[in-house]
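Protein chains in written order, with my numbering: chain A, 52 to 274; chain B, 4 to 634; chain C, 10 to 345.
Where is the CB? At the ideal position from N, CA and C, for every residue including glycine.
Below is one structure; the comments refer to it alone.
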Amino acid sequence: MSDPKFEPGAEPALPIPDGDGGTDLDVAVLPSFGFGHRSLMWWGTWGMIAIEGTVFALTIATYFYLRGQGTQWPIAEPPPDLLWGTLNVLVFLASAVPNQAAKRAAERYDLAGARRATLGCAALGMVLLILRVFEFRHLNCRWDTDAYGSVVWTLLGFHTAHLLTDWLDTAVLGVMLCTGPIEGKRYVDVSENAMYWYFVLASWLPIYGVIYWVPRLPPVLSP
Amino acid sequence: MSIHDTRSAELEATWRDPPGLRGVLSAVNHKTIGRRFIVTAFSFFVAAGILAGLMRLQLMHPGNTVLGPDRYAQIFTMHGTTMMFLFAVPVMQAVAVYVVPLMIGARSIAFPRLNAYAFWIYLFGGVMLYGAFLLNVGPDAGWFAYVPLSGPAYSPGKRVDFWAQMITFTELSGLLEAVIQITTIFKLRAPGMTLNRLPLYVWSVLVTNFMILFAMPAVMLSSTALIMDRLVGTHFYNPAEGGDVLLWQHLFWFFGHPEVYFIFVPALGFMSTIIATFSRRQIFGYTAMVVALIATAFLAFGLWVHHMFATNLPELGKSFFTAVSMMIAIPSAVQIFCWLATLKTGRLVMEVPLHFVLAFFFILVVGGLTGVMLAAVPLDLQVHDTYFVVAHFHYVLIGGAVFPLVGAFYYWFPKVTGRMLSGVLGRWHFWLFFAGFNLTFFPMHVLGLLGMPRRVYTYPADPGWGALNLLSTVGDWITGVSFLLFALNVWRALARGMPAGANPWGAPTLEWATSSPPHAANFPRVPLVRGVAPLWLAEPYAGHVRGLADTQREVLATTVLDAAPDHRMIMPTPTIWPFLSAVATTMLFIGSIFTPWAVVWGTVPVAVALVAWFWPTRAETAEHLALEKRP
Amino acid sequence: MSGLPLAAFLDTPPLGELSQDALRAAGPQAAATLALWWPTLALCSAVLLGILIALGYALATSGRAVRSAPGDLSSLANREPGLVRAVSVGVALSTVALLGLVAASAATDRKLASLDTAGALQVHVIAHQWWWEFEYLDADVTRRFVTANELHLPVGRAVELVLDADDVIHSLWIPNLAGKRDLIPGHTQTLRLRADRAGVYRGQCAEYCGYQHANMALRVVAEEPGAFTAWADRMRAPAAAPATPLAQQGRAIFENGTCAMCHTVSGTPAAAKHAPDLTHLASRRRLAAETLENTHDLLARWISRPNALKPGVYMPDQAYSESDVQALTAYLETLK
Ligand code: HEA
Ligand code: HEA
Ligand code: CUA
Ligand SMILES: [Cu+2]
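Rendered as structure tokens:
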């Protein structure tokens with residue numbers, strides 16, 4: 052059997068004889084954090100994304116399952132009004148700009164830049180949340196009228212819960228960046244938070260399509 | 004080497020959980036949390052076992068009147084729910100919380116505070132359910148709570164709400180554990196423990212946690228929809244308003260089938276671990292074993308419908324699910340044959356843990372074979388929802404999970420406590436359990452074929468089911484005695500068991516390299532791994548890691564595939580916030596049973612607790628900055 | 010299990026005398042299933058035996074060691090071709106056996122689906138918590154009739170049971186005749202079967218449906234076509250007017266009291282559909298979905314205290330005087 056190679060991921064760690072026949076590895080020279088998949092946070096965040104993405108996927112599957120049960124969809128109501136949801140798509144897309152800026156700034160250790168961009172994200176998040184209120188009011192159905200209403204409200208509700216928690220995360224992180232002192236790990240947090248924001252953004256697009264456009268499909272494509 | 008001793012004492016102080024009540028509530032060391040997790044899960048096992056005893060008492064004779072229908076319904080529901088959600092799934096994750104970091108040469112689990120939080124959530128969920136049960140609001144719609152029986156119209160009152168919220172608790176805990184354990188296994192392995200040197204047990208934990216990640220969301224969605232139907236008037240399952248009752252079954256079993264493999268797959272890891280150690284050789288066919296685990300996980304997502312054959316599905320669909328259900332036997336066959344090959348060519352050390360895993364070859368195989376019978380639609384339509392199915396799942400659950408688990412308990416007990424369990428009592432426990440188990444459950448196959456449905460609180464004398472039921476009840480008593488001996492054995496060992504030493508079994512994996520019970524930091528010196536069975540090498544390690552701080556909980560993160568050193572990182576210290584966050588979360592969940600507004604006002608304390616949890620103190624930041632080195 | 014000593018030991022009833030087991034078939038559907046069952050059992054027993062022999066052989070021929078013995082890692086260097094071969098053969102054999110089972114199962118499915126249902130008798134089965142309603146369908150609507158808890162079938166003629174549930178999910182299972190099928194609110198299903206042997210079979214609800222799931226059984230009477238037709242004609246007839254004064258008094262209580270709010274007795278003003286049709290109650294052998302023998306005493310006790318006999322039942326306990334109960338019982342006993 053051959054000995055393993057202890058190639059360090061980033062920088063050389065010094066092999067030192069350890070006195071019991073082997074060779075010690077001095078890791079003091081290694082960095083104390085890392086971005087991307089090097090960090091544990093990245094894996095944790097992706098784990099949460101996998102879980103929540105599955106929840107969204109299953110809720111959408113439920114939507115189509117229920118749609119397949121009857122001949123009429125929506126069951127007894129007009130489809131949701133397009134305006135607010137579509138507006139939200141645009142603001143979401145726009146939020147990618149400060150979000151990417153935050154990620155970049157964090158990876159450059161640019162505190163001022165990260166601060167600005169993070170607070171910018173939080174501000175746009177606030178706008179999204181306010182628009183959400185209007186979205187709910189223009190769904191044209193209630194959760195307790197029929198199964199269509201139930202699943203639409205649930206879908207939008209789940210997404211809103213993510214929007215809300217990520218907004219809170221971002222806001223807290225923004226405050227943390229402003230009050231300092233800041234250790235390097237925080238930059239990793241900013242970068243991971245940006246990744247999570249992309250998930251919230253990306254998941255909105257299919258959900259938007261399902262909530263707003265599936266009820267408008269021409270009858271040929273209906274069950 | 005006195006320098007090592009003082010360093011080691013300093014390290015111990017760094018990693019130890021604080022003393023006193025505050026320490027109880029703020030502990031984050033994975034060994035403390037793991038121990039609590041395991042003890043809690045076994046307590047639920049005892050509780051559910053006692054409930055099983057009550058059921059057996061009622062079913063001992065036809066027309067018995069020990070329990071009425073209402074009490075019986077609560078008891079079988081609590082038995083099934085507890086065994087599945089509060090014992091079998093959590094106990095597997097609990098063992099992993101304790102063992103995995105040790106086995107991979109890590110000083111800590113990833114996200115230790117989250118780990119503590121996951122434990123508290125699990126504990127509170129279980130306590131809530133039992134509190135409700137003792138107040139006569141225990142759930143009573145069966146462990147899979149089919150709608151509409153569990154819906155607002157046919158289960159008024161709060162019973163099913165407690166059940167649905169218990170699901171929320173355990174699934175939150177289980178999902179968090181999945182994320183924690185996957186990250187631990189990917190990022191915190193000792194240098195040199197490449198993926199193809201990962202012990203098979205760790206592989207099984209990894210695979211299980213991936214299954215949890217993608218299966219548990221289904222039950223989260225279904226139970227949320229159920230509780231919303233019950234509490235705020237949605238119509239997911241109400242056919243009168245466009246909902247559908249089979250939606251519940253699809254969502255529940257999309258989770259429920261993989262769930263039984265959350266229980267089975269880690270047990271396969273116990274099997275591989277124990278068989279390797281006690282046959283003094285590597286498991287034959289390491290790669291095949293890993294592939295079999297992964298194949299089982301994939302197939303497990305393709306056969307949920309085999310629980311729904313009696314609901315009538317399209318012909319083609321049924322054949323597909325029959326085929327997949329049967330094909331999942333192939334990975335099991337691979338594992339079984341590889342173990343047999345290992346046993347055949349090994350030199351066996353006939354200790355108690357090996358007994359428990361050898362029982363697998365009879366019990367699990369019987370259960371697996373009845374599973375294959377159930378996968379055939381025509382046969383299933385006869386025995387579905389009868390005692391034949393009850394026999395099947397106890398054979399697989401107990402033979403495929405509880406026996407290996409108890410074996411693992413005997414195996415790792417010396418590591419956790421530093422004491423040996425008695426081999427004599429252990430053998431008595433084994434043989435009585437084996438005999439009692441088979442006496443309890445073998446007759447149930449026949450009962451099912453003779454027409455006895457499950458979930459009946461009483462049955463008439465005419466069909467001739469009395470004799471076999473009596474046998475079954477007697478079998479349960481024997482099992483009960485065996486577990487009393489087990490309890491005695493544990494108690495004796497804790498009081499005055501033989502000291503174990505670091506590696507009493509002569510085992511090959513890293514957890515046996517450290518002292519028993521392990522040092523607070525697990526490994527005073529983190530080894531550099533150079534093989535899949537390090538302790539059986541003439542020279543176990545290529546050397547050690549040096550340069551990690553002794554006064555901070557510093558660990559080494561390594562790369563995913565090769566476990567090459569990547570960066571140092573400081574793990575968080577003990578804190579009470581996970582506990583307080585769990586309390587706040589519990590208030591939210593329980594409150595929501597009584598008013599949906601709890602979801603609104605309940606989030607405030609949760610948010611406050613979470614922010615407090617993550618907010619760094621200035622002192623901490625200063626210490627971290629002192630050790631900081633940018634990449 | 011006819012002929013097996015086990016049946017004698019267990020004291021199970023003979024086939025057709027209220028038997029309820031899947032191991033004895035009284036019709037083609039159950040027989041086809043048994044034809045799959047026995048070979049499957051044989052194959053699985055052989056597999057089990059094979060595994061146990063392999064285990065015994067492995068344990069008998071392997072060496073022994075003590076705890077302190079060192080582990081042997083030589084297998085990491087050697088490929089162990091003998092073991093590779095043995096394991097591969099085992100896996101290959103298992104795969105073949107499993108494919109065989111898949112094919113056999115699919116073939117049986119086909120056979121079950123191919124039951125000839127031309128000229129089948131149609132019965133609409135509605136499951137309630139916790140009793141069975143049977144509506145015998147007929148192209149001629151006037152020839153339809155409703156009964157409860159006792160299902161009569163003509164021997165040798167296919168039957169199509171149209172299944173619906175009124176409240177929660179139930180499952181209809183008559184093991185001597187066929188596998189089970191769920192009755193699901195919102196999904197109408199059918200179950201096709203045929204009884205080839207006259208006799209009485211017991212069936213039971215197999216899906217947990219609440220507190221009295223245990224006492225939701227039914228009696229299936231398979232009789233020669235002539236006897237069946239005669240029975241059906243009796244069932245179509247409305248209830249005869251009671252002759253004795255006691256029974257007449259009972260009828261008055263029945264119609265003016267609560268009973269008529271739930272039950273039907275055809276030919277009388279009592280026409281509610283919430284509970285078993287009682288038009289021919291006295292012809293039934295048992296009461297309340299096989300819970301009780303249909304005797305004078307038990308019927309009387311049932312009328313005033315059903316919850317004592319079937320706890321949780323959806324028929325209220327009522328404080329009738331002893332004489333009212335006797336009158337009601339007398340009336341119900343005229344409903345032949
Ligand atoms: C640890 C848990 C566990 C495990 C491992 C299994 C394993 C299997 N189960 Fe089981 N099952 C349950 C737990 C488990 N099950 C539970 C809890 C329920 C009931 C839930 C409820 O209703 O309450 C259930 C119910 C259940 C049903 C539904 C029954 C019904 O309700 O009508 C079916 C049907 O297909 C089924 C099939 C199988 C199959 C095919 C396997 C296979 O994985 C088995 C594979 C293993 C072997 C076959 C043995 C080894 C293989 C060989 C030796 C090779 C050679 C073999 C042959 C050639 C045949 N199971
Ligand atoms: C891992 C899972 C698991 C385990 C281990 C068991 C273990 C047992 N089960 Fe369980 N069972 C289920 C999972 C499990 N069960 C599920 C999922 C259901 C379906 C529920 C439903 O339909 O909804 C079920 C249903 C079920 C039924 C069918 C009920 C019905 O349909 O009406 C029965 C009936 O006999 C039964 C019996 C038993 C018995 C006798 C044991 C025994 O093996 C138990 C042995 C354990 C003990 C005896 C504990 C003893 C410990 C002590 C005595 C120690 C003393 C302690 C101290 C001193 C501190 N079980
Ligand atoms: Cu109806 Cu069980
Ligand atoms: Cu399954």
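Shorter than 6 angstroms, the distance from the beta carbon of B:Phe48 to the closest heavy atom of ligand 1, or not? no
Problem - C-beta contact flag for B:Ala566 and B:Pro202 at 7 angstroms - result: no
- prompt: Leaving out five residues before and five after A:Glu186 in sequence, what residues of the same chain have Cβ atoms less than 6 angstroms from its Cβ?
  reply: Trp135, Gly136
Quick one: measure Cβ to Cβ for B:Met169 and B:Leu138, integer angstroms, because I've assumed they're closer than 8 angstroms. That belief does not hold up - the Cβ atoms of B:Met169 and B:Leu138 are roughly 14 angstroms apart, past 8 angstroms.
Burial state of C:Glu233 (16 or more Cβ within 10 Å): exposed
message: I'd like to confirm something about B:Thr443: is its beta-carbon nearer than 6 angstroms to some heavy atom of ligand 2, or not?
response: yes
Can you tell which of A:Gly231, A:Trp255, A:Trp124, A:Asp217 has its C-alpha closest to the C-alpha of A:Leu162?
A:Gly231
message = With a threshold of 6 angstroms (Cβ to nearest heavy atom), would C:Cys214 be considered close to ligand 6?
response = In the structure on display, ligand 6 does not appear, and the ligands it does have are ligand 1, ligand 2, ligand 3 and ligand 4.
C:Ala74 versus B:His448: straight-line alpha-carbon distance, rounded: 39 angstroms
### Query
For the region 306-316 of chain B against the region 338-348 of chain B, are there 3 or more C-beta pairs whose distance is under 8 angstroms?
no
Are three or more beta carbon pairs between the region 100-114 of chain A and the region 600-619 of chain B nearer than 8 angstroms?
no
- Chain-order list of residues whose beta-carbon lies under 8 angstroms from that of A:Glu62 (same chain, five-residue window excluded): Low confidence applies here, because A:Glu62 scores a pLDDT of 42, under 50, leaving its location unreliable; read the following figure in that light. Correct list, in chain order: Val80, Leu81, Pro82.
ask   = Taking Cβ-Cβ distances shorter than 9 angstroms, what residues in chain A pair up with B:Arg621?
value = Pro232
**Study point:** B:Thr554, enclosing alpha helix (DSSP H) - first and last residue
**Key:** From DSSP, B:Thr554 is part of no alpha helix (DSSP H); its letter is neither H nor E.
Exercise for review: Classify B:Trp18 as buried or exposed, calling it buried when 16 or more other Cβ atoms lie within 10 Å of its own Cβ.
Suggested key: buried
- Sorry if obvious, but does the Cβ on B:Ala298 come closer than 6 angstroms to a heavy atom of ligand 1? no
C:Pro163 (DSSP reduced to helix, strand or coil) = strand
**Item:** For B:Pro261 and B:Ala218, believed in contact at Cβ under 8 angstroms, the rounded distance
**Value:** 4 angstroms
TODO: At 7 angstroms on the CB atoms, spell out the chain A contacts of B:Val182, in chain order.
DONE: Gly95, Gly98, Met99
Check: Relative to chain C, which residues along the region 311-345 of chain B have a C-beta separation below 8 angstroms, given in chain order?
Finding: Ala313, Thr314, Asn315, Glu318, Lys321, Ser322, Thr325, Ala326, Met329, Met330, Ala332, Ile333, Ala336, Val337, Ile339, Phe340, Cys341, Leu343, Ala344
Q: State the DSSP-derived secondary structure class of C:Glu89, mapped to helix, strand or coil.
A: coil
Nearest to B:His570 by alpha carbon, out of B:Leu551, B:Pro581, B:Gly594, B:Thr578? B:Leu551
| Under the three-state DSSP convention, the category A:Ser53 falls into | Residue placement at A:Ser53 is flagged as unreliable, the pLDDT there being 41, under the threshold of 50; the coordinate-derived value follows with that caveat. The answer is coil: DSSP assigns A:Ser53 none of H, G, I, E or B.
query: Can you give the Cα-Cα distance for C:Ser97 and B:Arg422, rounded to whole angstroms?
result: 42 angstroms
Whole-angstrom distance between B:Ile266 and A:Val265, CA atom to CA atom
39 angstroms
Is B:Met311 near ligand 2, in the sense that its beta carbon is under 6 angstroms from a heavy atom of that ligand?
no
- prompt: Could you give the distance in angstroms between the alpha-carbon of B:Phe136 and the alpha-carbon of B:Gln77?
  reply: 8 angstroms
Determine contact between the region 503-514 of chain B and the region 530-543 of chain B, defined as no fewer than three beta-carbon pairs at a distance below 8 angstroms. yes
Q: Give the DSSP bridge partners of C:Gln335, in chain order.
A: Bridge partners of C:Gln335: none, in fact.
Test item: CB-CB of B:Asp2 and B:Pro577 under 7 angstroms
This structure does not reach residue 2 of chain B, given that chain B is present from 4 up to 634, and the question cannot be answered.
Exercise for review: Pick out the complete alpha helix (DSSP H) segments inside the region 100-158 of chain A, 4 residues or longer, and give them in chain order.
Suggested key: 133-158
Taking A:Thr110 as the reference, give the member of A:Glu128, A:Tyr247, A:Trp204, A:Val140 with the closest Cα.
A:Trp204
Exercise. Would B:Ile297 pass as a contact of B:Val210 if the rule is Cβ separation under 7 angstroms?
Worked result: yes
| task | Would you decide whether C:Asp118 is buried or exposed? Buried here means 16 or more other CB atoms lie within 10 Å of its CB. | result | buried
Does chain B have any CB closer than 7 angstroms to the CB of A:Pro130? no
| task | Spell out whether any CB of chain B is found under 7 angstroms from the CB atom of C:Gly25. | result | no
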